[in-house]
Each structure stands twice: as C-alpha cells, then as structure tokens.
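Presented below is the structure to which this report refers.
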Amino acid sequence: MHESPPNRRPPVQDRRVPPSAQPAPWSEFARALRQAREKAQLCPEDLADLAKTSATFFTQAEEGEEDPGRFLVECADRDLNQRGALLDLWARTYIAVHAAARTAVDRFQSEARHIRDYQPLMIPEFLHTSAYARAVAEAEVGSDSESNASLRSLHYADHGPPSLCLIVDETAIRRTVGTHDITHEQLKRLHSAAQRPHVSLHIIARTTRRHPGLRAPARTLTFGRRRTIAYADHATGPGALITEPGRVQDYCDLLAALQGAALPVDDSLALLDDAIGTPKRRAITTGSGPDPLAPHYAGRTGAPAPPWSSEKSREQTSPV
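Heads up, the sequence shown is in my numbering, so the first residue is 91 and it goes up one at a time.
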C-alpha cells in the first residue's frame with residue numbers, strides 16, 4: 091500500500107531585509123543635502139568654495155556613508171539657506187545613531203553647540219587640571235585613576251569649542267581636593283577660563299538656603315535650536331544618556347532654575363576671586379591672557395557659538 095507523504099508546511103520565506111540592503115543611517119540626511127544643493131543650483135565645488143573647504147567632504151556627505159560632522163552641516167545649512175532644517179536633521183540622526191551604539195558622552199560633547207552643566211561638589215570636569223583630575227579619580231572608590239583622569243577633559247571638533255554655561259555650588263570652590271596647591275591651581279584655571287567669551291560661570295552661594303540641585307549633578311547638550319539631550323552622572327561607572335523628550339525637558343527646567351538661583355557672572359567671578367585670594371579682578375571686557383582651553387582646540391577652525399550668559403529662556407526640545 092502506497093503511503094502518502096506527511097503533511098509539511100511550505101518553507102517560510104525570510105522577508106527580513108538583509109543587512110547589506112538596510113539603508114545607511116545617514117542616507118536621509120544625504121538625500122536632503124543633495125536636494126537642497128540642487129535646488130540652489132550649486133555643484134559640490136561651489137558649496138565647498140563658500141564653506142572654504144574641500145569638495146570631497148560634500149561629495150562624501152551626499153553619499154550618506156558616514157557622519158559629515160556639525161561644522162560641515164552648519165556651513166551647508168547657512169549657504170543653502172535652510173534655516174536650520176539641515177542642522178536639525180543631522181542632529182536627530184547623530185543622536186539616534188550614537189545613542190543606539192551606546193557611545194560615550196565625550197563623543198556627544200565634542201559635537202554639541204551648547205553645554206549647560208551643574209556641579210554641586212567639584213569643579214566642572216571640562217576645566218580640570220591634570221593634577222585635580224587625578225586627585226578626583228584617586229578619591230573615587232574602585233576607580234582606575236589613569237583612565238578616569240583621561241576622560242575629564244572636553245575634546246573639541248573642527249568647529250571649535252561649544253559655549254559652556256557652568257553652574258557650580260560654592261561648596262565646590264571651597265573644598266580642598268588633593269592638596270591646597272592642586273586646588274589653588276584648579277581655581278586659577280577656572281577663573282581664567284570663565285573670562286573667555288564662550289564660557290559663563292554662575293556660582294550658587296552657600297547662603298542660598300533653597301535650590302533644586304542638592305541631590306546630584308546635571309547636564310544638557312544642545313546640538314541645534316530643537317535638539318537637546320541630557321546626561322546624568324553616576325557615582326560609579328559611566329553615567330546615563332537621556333533622550334526621552336519629557337525627561338530632557340525636566341533637566342532643562344532644572345538647570346534653568348539652578349542658573350536662576352545662582353549669582354550673576356560678575357558676582358560669581360568676585361566670589362571666585364575671594365576663594366583664590368585674588369586682590370583685584372580685571373574687567374571681563376578688557377580681555378585676558380592666553381585661553382586655558384587652547385590646547386584642546388589648537389588649530390581648529392570655525393568660531394564658537396554665542397555664550398550662554400545672555401540666554402535666560404528655556405531650552406526647547408523635540409523627539410530625537
């Protein structure tokens with residue numbers, strides 16, 4: 091007797107798109123850049139001349155294979171009269187790509203336009219001297235002092251430094267870290283840096299009884315008019331990157347409130363003078379000595395964004 095073959099389901103076709111066919115992360119931005127250039131009736135060489143850079147950079151950006159970088163995007167956005175549309179699309183893609191890859195916050199900071207940072211217990215890490223950074227790292231439980239100290243400085247991309255709004259509790263400038271000499275040199279560096287046009291320093295006086303920053307540090311990084319993320323330091327290990335719009339807005343509100351509770355720039359510098367023991371401070375408008383941050387961006391091109399000191403409005407955020 092002939093037996094019929096067992097019932098078998100036909101093989102299910104794999105409808106997933108193979109990795110090689112997945113669109114590149116930067117393909118949408120590349121398409122928008124090309125369309126904007128063609129609408130302006132410019133070739134890559136024309137755009138490169140306006141931006142004073144190589145046409146190769148724009149050609150590679152339009153291929154969509156890699157991140158073109160904020161400097162190039164800002165040039166294209168300006169010269170193609172995009173009114174921030176290209177910059178916003180780049181920032182959205184940049185945040186999504188690096189957040190998915192769990193990229194270290196240093197990479198985000200290097201491309202940010204504005205950074206607002208609050209520190210209740212120590213000098214902001216962007217301005218640490220090497221000795222102060224080592225002293226902080228050595229005091230941390232279970233830390234690798236060499237690797238931690240190497241992460242303290244802020245590395246800049248080709249467009250120069252971001253504008254920094256630094257909000258510091260007076261406790262941080264009064265506390266001795268390591269030795270008196272280490273702390274004194276650190277305060278002198280903070281004082282010098284705070285007189286640069288892209289840095290504003292706001293100190294919350296010890297006599298301020300109530301303010302919302304008693305628990306932990308806080309930081310926001312802004313990449314354009316509409317794209318902001320937040321960063322929360324952890325006591326041990328790397329901190330947490332925050333991209334959810336509601337939580338980011340909470341951090342923006344918190345930092346705005348902290349800046350409102352802090353002293354104005356001139357009063358903050360006077361308080362810092364007192365901590366250092368400086369007899370008299372030069373006017374901020376008369377200039378200063380060499381930029382203490384210069385080693386981080388020597389030879390870089392582009393001008394820094396306007397300082398935060400004049401900005402009092404709330405940062406605007408949108409979904410990333």
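Every residue, glycine too, gets a C-beta built ideally from N, C-alpha and C. In this text the structure is predicted, and so the values were computed from the model without any measurement.
Of the listed residues the options, nearest to residue i (C-alpha basis)
i: Ala320; options: Leu311, Ala227, Ser282 and Arg286; result: Leu311
i: Leu278; options: Gln172, Asp363, Val289 and Leu348; result: The displayed chain sequence assigns Lys, not Leu, to residue 278. Among Gln172, Asp363, Val289 and Leu348, the Cα nearest to that of Lys278 belongs to Asp363.
i: His218; options: Ala262, Ala295 and His288; result: Ala262
i: Thr269; options: Ala229, Tyr208, Ala308 and Gly303; result: Ala229
i: Ile294; options: Leu359, Asp340 and Asp271; result: Leu359
i: Glu128; options: Ser144, Ala308, Phe148 and Arg265; result: Phe148
i: Pro214; options: Leu177, Arg173 and Leu254; result: Leu254
i: Arg121; options: Arg182, His324 and Gly154; result: Gly154
i: Ala221; options: Thr266, Asp196 and Arg182; result: Thr266
i: Pro252; options: Ala191, Arg296 and His204; result: His204
i: Leu304; options: Ser117, Asp259, Phe198 and Ser144; result: Asp259
i: Arg182; options: Ala330, Met212 and Val163; result: Val163
i: Pro328; options: Asp157, Val195 and Phe119; result: Val195
i: Ala322; options: Asp157, Ala306 and Pro335; result: Ala306
i: Ala202; options: Ala190, Tyr184, Pro210 and Met212; result: Tyr184
i: Leu177; options: Thr193, Trp116, Ala191 and Glu135; result: Trp116
i: Leu331; options: Arg173, Ala191 and Ala175; result: Ala191
i: Ala308; options: Ala283, Thr146, Asp340 and Pro158; result: Asp340
i: Val226; options: Arg173, Gln276, His188 and Thr193; result: Gln276
i: Leu280; options: His188, Pro158 and Ile366; result: Ile366
i: Gly174; options: Arg300, Ala186, Gly314 and Val187; result: Gly314
Per DSSP, cross-strand counterpart(s) of residue i
i: Cys255; result: Arg206 and Ser290
i: Ile319; result: Leu311
i: Leu331; result: Tyr321
Cut-off 6 Å between Cβ atoms - residues of its own chain near residue i, not counting five sequence neighbours on either side
i: Leu170; result: Ala126 and Ala130
i: Ile257; result: Tyr208, His292, Leu348, Gln349 and Ala352
i: Ala373; result: The predicted model places Ala373 with a pLDDT of 45, which falls under 50 and marks its position as unreliable; any figure quoted below should be read in that light. There are no such residues.
i: Thr193; result: none
i: Phe198; result: Leu311
i: Phe119; result: Leu179, Trp180 and Thr183
i: Leu361; result: Ile293
i: Ala412; result: Nothing about residue 412 can be read from this structure; the chain reaches only from 91 to 410.
i: Arg124; result: Glu152
Start and end residues, alpha helix (DSSP H) containing residue i
i: Lys278; result: His270 to Ala283
i: Leu137; result: Pro134 to Ala141
i: Ser117; result: Ser117 to Lys129
i: Ala365; result: Val355 to Ile366
i: Glu152; result: Ala145 to Glu153
i: Thr261; result: Glu260 to Arg264
Cβ-based neighbour list, residue i, same chain, cut-off 7 Å, excluding 5 preceding and 5 following
i: Leu137; result: Arg127, Phe148, Ala166 and Asp169
i: Pro302; result: Leu344, Ala347 and Leu348
i: Thr298; result: Ala351
i: Arg272; result: Correcting the residue type first, residue 272 is Ile in the shown sequence and not Arg. Closer than 7 Å at Cβ, skipping near neighbours: Ala221, Tyr222 and Ala225.
i: Lys142; result: none
Residues near residue i by beta carbon distance below 8 Å, same chain, minus five either side
i: Glu156; result: Trp116 and Gln150
i: Pro354; result: His292
i: Met212; result: Val226, Ala262, Arg265 and Val267
TODO: Quick one: which unbroken beta strand (DSSP E) runs of 3-plus residues sit fully inside the stretch 157-221? Chain order, please.
DONE: Correct list: 204-209.
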